[in-house]
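**Q** Line order of the protein sequences matches chains A and Y.
Read in order, the letters of the first sequence are residues 1 to 469 in UniProt numbering.
Read in order, the letters of the second sequence are residues 1 to 469 in UniProt numbering.
Number of protein chains: 2
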Amino acid sequence: MKLYESLAAEVEGQVARGVLLEGERLPSVRQASQRRKLSISTVLRAYSLLESRGVIESRPQSGFFVRARPRVSPRAAEPAPALTLSSEVDVSRLVLSTLRTIRTQGAAPLGSPYPDPAAFPAARISRYANAIARSRPVSVLDDLPPGNPQLIRQIARRYMEHGVAVDPAEIIVTVGATEAINLCLQAVARPGDTIAVESPTFYAMLHAIERMGMRALEVPTNRRTGIDVDALRTILASQRVAAVMVMPNFQNPLGFLMPDGRKRELVALLAEHGIPAIENCVYDELYYGDSHPCPLKTWDTRGLVLHCASFSKSLTSNYRIGWALAGRYAAQVEKLKFLNTLSTPSLPQLAIADYLQHDGFDRHLRQVRKGYAQRARMMAAAVLRFFPAGTRVSEPQGGYVLWVELAGGVDAMRLYARALEHGITVGPGHMFSARGSWTHCIRLNYSYPWTQATEDALRTLGRLVAELA
Amino acid sequence: MKLYESLAAEVEGQVARGVLLEGERLPSVRQASQRRKLSISTVLRAYSLLESRGVIESRPQSGFFVRARPRVSPRAAEPAPALTLSSEVDVSRLVLSTLRTIRTQGAAPLGSPYPDPAAFPAARISRYANAIARSRPVSVLDDLPPGNPQLIRQIARRYMEHGVAVDPAEIIVTVGATEAINLCLQAVARPGDTIAVESPTFYAMLHAIERMGMRALEVPTNRRTGIDVDALRTILASQRVAAVMVMPNFQNPLGFLMPDGRKRELVALLAEHGIPAIENCVYDELYYGDSHPCPLKTWDTRGLVLHCASFSKSLTSNYRIGWALAGRYAAQVEKLKFLNTLSTPSLPQLAIADYLQHDGFDRHLRQVRKGYAQRARMMAAAVLRFFPAGTRVSEPQGGYVLWVELAGGVDAMRLYARALEHGITVGPGHMFSARGSWTHCIRLNYSYPWTQATEDALRTLGRLVAELA
């Protein structure tokens, strides 16, 4: 292929891939010649060839522009991913595929794990960010691990207000709770180790275990009171477990609030064995009851509880700011943070610190909680009304997801696939186990405003379940 | 200890740790009683005790406030970390300690690896972010790995303009180049593997190798032309190397630009052996010459080059948005990204995409490059003038760091410690090797405006070197 032909083919390829869109200007002949070290005449010949093929057009005094009809972006054009399930469950692939169908198909977001972003005070937080960005340069040096000191102080204050005395020195700011969970797990266990988890398990825990090449041991979990401490005691008596990962408050997907007595018992059991607990507390601020729930951290006197949380569910997901209270592992987690992503971005940390100090986080939360608590009841009632008899639903005490056990052993992946044809997504139970449990369950998101469309979607789902039974 | 005493001790501890600052209000008696499930009288007794100790004071109709003199924040109060070097170099600890002294001591930033943030168009980018945050809710679902489609298109366009045809499908947006490098390395090699690197090596590469439990093999590197391809060829003939990590353009710390012929040769050699190359191209936009340098990716026909870059050095470090062009490993890197940090924050991706599409990135870069090129000469001249005879300096072709080989075998850590006493930091050569090479070299940052203080600091450094020689 001659030089001009190869340049023409390259440009045509970039148009086909959506890198260059209709009406966009190509680099000028002079620029292209300089940057590619080609002669002016070679570039001109390439552009003429593209013109003759109808890919670009020249406009007098302006240059060359893409003429081709707009291609849909390559991402959007991807076919919906095939959602078959191999016998060996690759949870992360399943989860990512499921999330993508929500994104790419504009389906009703019942399958989404994320809260409705319209409820976040995004504009207010952005105003703080903007004021900072306009007033002074922000250096990465100000926010090296463990993180921005102002934000760390605000986080510690919030725990104090809820009655948990946290040493600011054990707080490490992270990229969402996901990074916090990963770093904590890496700090306390090694590849090949066994990690005890709830069942069903929030899949982020399974991802962390998968990422590190560890093994998940699923412990029986009560729908109302959480992980079975007695069952765990029996397990610990007979086999080595490197760590326990739980969501004591408003577990995803079950929504339970572990009673304080149980939490104390769990912390005591683990302290006795010297086993660290990683608790994921991202929903703690979204309680429906009278007061903020206590994390396991409340009873941790030995620094064995690694507590992970984030602002992404309660305040804003625009920046994905999370943190770990890493107890006796704080120095190790801090170092792993530095190795993993160097530092958490500065401006978002500063903006959130300013918001927490000066704005109405509690007011925002009161409003959100009220809406979620109300919709929890509406969603449960609608499911029981539209789904076949024998359907069971959870009774979430916080958060914004409902767990539904389908009647008649209907496979959730089959329901998922059928629902998708109607533009509806659900969270298949398959995502919540590494050993293929919970295949007859789905998780539904009720964080979005309740509309006729929500009700229609639930009615459709109910009909599909009946057909599949 | 009685309940009220323990509450009082806890509050006093939070004041001492700087969680509560002078003049800040304590939770009201009613709040504290509800949240801690203590009686009103217990809280009142605790607060009275604190009042009698002079820690807090009550203000009529307002509540209780911290009275104690302001404590310096616990972070700021940390003593300067001891910077001794064990025989087995723990590069990441050394680097983090060094960076912290820059942050905490307000020293002249000659030791900083980051560009002067005052040169970034932070306010302009923030304006785009603000406009987005005010206009619509942004969902995590829009920006799942590989990343925001608009930003991915803008990144691909930029490569196209520089003459590199990139398939947008191989771009994965990450938390800075650090995450990109980590994920790429994890995708191509396993713990225990040997990774060939330049010598001196940019320490971020060593961190990635350390994080994965791999071994770094330091290959001779020419100060002007980069990694010695012939030496590498000899190594590959006799031992297994899982990957090669290089910075072909404006390497940190040497500043060289690998000639295109050498790059082609390197890509061909690795293709012949089927060995992937990870290239760190964070400084590519900061060239002093006529045109944008070519990355190794330019000659990669087999998808074996994993190219990592970021906006943090060229546009803004406020958000830490980086990316990988992961070639044939794109699917694997995308999955690792999902496992590592779930997704890169949305709002920053959208804001940068808007800036790239509508604003003056090239204008900004022209100005920055001109300043860096000029200061590169000024810094080199000043070092040669103030440092003892026999000092050698690099000739950076881009970026913003100068590499200085101290005369008389002066140990850079000793210079570092002495300089710190004068409020000056330098980048000790020890950071650039896992086997303790380059201990007589330092790296100096010249991205900041040149002032009398810069010249004074260099004069002081020169005097200290002479004293230590």
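Every residue, glycine too, gets a C-beta built ideally from N, C-alpha and C.
Span of the alpha helix (DSSP H) holding R215/A?
**A** Where R215/A is concerned, there is no enclosing alpha helix (DSSP H), although the beta strand (DSSP E) it sits in stretches over R215 to E218.
**Q** If you draw a straight line from the C-alpha of Y355/A to the C-alpha of I125/A, how long is it?
**A** Distance between the alpha carbons of Y355/A and I125/A: 6 angstroms.
**Q** Of all the options G360/A, L444/A and A123/A, which has the alpha carbon lying nearest to the alpha carbon of A382/A?
**A** Of the candidates G360/A, L444/A and A123/A, the one whose C-alpha sits nearest the C-alpha of A382/A is L444/A.
**Q** I'd like to know whether the C-beta atoms of A469/Y and L406/Y end up nearer to each other than 9 angstroms.
**A** In contact: A469/Y and L406/Y (Cβ atoms closer than 9 angstroms).
**Q** Leaving out five residues on either side along the sequence, give the residues of the same chain with a beta carbon under 7 angstroms from the beta carbon of A309/Y.
**A** Once the five neighbours on either side are set aside, the close Cβ partners of A309/Y are A177, C281, V282, D284, G322 and W323.
**Q** Considering just the uninterrupted stretch of the beta strand (DSSP E) at M245/Y, what are its terminal residues?
**A** First-last of the beta strand (DSSP E) with M245/Y: A243 to V246.
**Q** Does the distance from the C-beta atom of P293/A to that of L257/A stay below 9 angstroms?
**A** Contact: yes.
**Q** Where does P428/Y fall in DSSP's three states?
**A** The answer is strand: DSSP assigns P428/Y an E or B state.
**Q** DSSP three-state call for A189/A: helix, strand or coil?
**A** A189/A falls in the coil class under three-state DSSP.
**Q** Using the beta-carbon of each residue, which ones in chain A are nearer than 8 angstroms to K335/Y?
**A** In chain order: S92, R93 and L96.
**Q** Short check: CB of E179/A to CB of G327/A, under 9 angstroms?
**A** Cβ distance not < 9 angstroms, so E179/A and G327/A don't count as in contact.
**Q** What residues in the region 171-195 of chain Y have a beta carbon less than 7 angstroms from any beta carbon of chain A?
**A** Per Cβ criterion, the list reads V175, G176, T178, E179 and N182.
**Q** Under a three-way DSSP split, which group does P74/A fall into?
**A** Bear in mind that the predicted position of P74/A carries a pLDDT of just 42, short of 50, making it unreliable; the figure below should be weighed with that in mind. If DSSP states are grouped into helix, strand and coil, P74/A belongs with the helices.
**Q** What residue range is occupied by the uninterrupted beta strand (DSSP E) comprising T194/A?
**A** It spans T194 to V197 - the beta strand (DSSP E) in which T194/A sits, taken as one unbroken run.
**Q** Jot down the residue ranges of each uninterrupted beta strand (DSSP E) in the region 115-200 of chain A, minimum 3 residues, whole runs only, in chain order.
**A** The region 115-200 of chain A contains these whole beta strand (DSSP E) runs: 171-175 and 194-197.
**Q** Can you tell me which of the three DSSP states A434/Y falls into?
**A** Note: A434/Y maps to coil in three-state DSSP.
**Q** Looking only at its chain, what residues have a beta carbon closer than 7 angstroms to the beta carbon of D260/Y, apart from the 5 residues adjacent to it on each side?
**A** Hits under 7 angstroms: C294.
**Q** Nearest chain A C-beta to F311/Y closer than 9 angstroms, yes or no?
**A** Not an interface residue.
**Q** Chain A partners of L342/Y, CB-CB under 7 angstroms?
**A** Here the neighbours are G176 and T178.
**Q** Suppose you measure from the CA of residue 474/Y to the CA of L217/Y; what does that come to, to the nearest Å?
**A** Outside the displayed span of chain Y (1 to 469) sits residue 474/Y, for which this structure offers no information.
**Q** Would you say F338/Y lies against chain A (beta-carbon separation less than 9 angstroms)?
**A** It does: the Cβ of F338/Y has a partner Cβ on chain A nearer than 9 angstroms.
**Q** What residues in its chain sit with their C-beta under 6 angstroms from that of G303/Y, if we drop five residues either side in the sequence?
**A** G327 and R328.
**Q** Output the boundary residues of the alpha helix (DSSP H) element that contains R443/A.
**A** Not the alpha helix (DSSP H): R443/A falls in the beta strand (DSSP E), residues C441 to N445.
**Q** Helix or strand or just coil, what does DSSP make of F338/A?
**A** DSSP places F338/A in helix when its eight states are reduced to three.
**Q** Under the three-state reduction of DSSP, which class applies to H307/A: helix, strand or coil?
**A** Strand at H307/A.
**Q** List, in order along the chain, the chain A residues whose C-beta lies closer than 7 angstroms to that of A277/Y?
**A** Those do not exist, as A277/Y stays about 21 angstroms from chain A at its closest Cβ, beyond 7 angstroms.
**Q** Tell me whether A80/A sits in a helix, a strand or coil according to DSSP, three-state version.
**A** Bear in mind that the predicted position of A80/A carries a pLDDT of just 39, short of 50, making it unreliable; the figure below should be weighed with that in mind. It is coil, neither helix nor strand.
**Q** How many angstroms separate the CA atom of A237/Y from the CA atom of I181/Y?
**A** Cα-Cα distance, rounded: 26 angstroms.
**Q** Measuring alpha carbon to alpha carbon, tell me which residue in K335/Y, A196/Y, R224/Y and G163/Y is nearest S97/A.
**A** S97/A has its Cα closest to that of K335/Y, out of K335/Y, A196/Y, R224/Y and G163/Y.
**Q** Run through the DSSP bridge pairs and tell me what residue 470/Y is partnered with.
**A** In the structure as shown, chain Y starts at 1 and stops at 469, and residue 470/Y therefore has no counterpart that could be examined.
**Q** With 16 as the cutoff for other CB atoms within 10 Å, does T451/A come out buried or exposed?
**A** Classification of T451/A: exposed, given that the 10 Å Cβ count is below 16.
**Q** Within the continuous alpha helix (DSSP H) that includes E467/Y, where are the two ends?
**A** Start and end: Q452 to L468.
**Q** Determine whether the Cβ of V305/A lies closer than 9 angstroms to any Cβ atom of chain C.
**A** Absent from the structure: chain C. Protein chains present are A and Y.
**Q** Tell me the DSSP bridge mates of S58/Y?
**A** Answer is F64/Y.
**Q** The beta strand (DSSP E) that contains E285/A, what's its start and end?
**A** Here E285/A belongs to no beta strand (DSSP E), and DSSP marks it neither H nor E.
**Q** Determine whether the beta carbon atoms of L347/Y and Y114/A lie at a separation below 9 angstroms.
**A** No. Outside cutoff.
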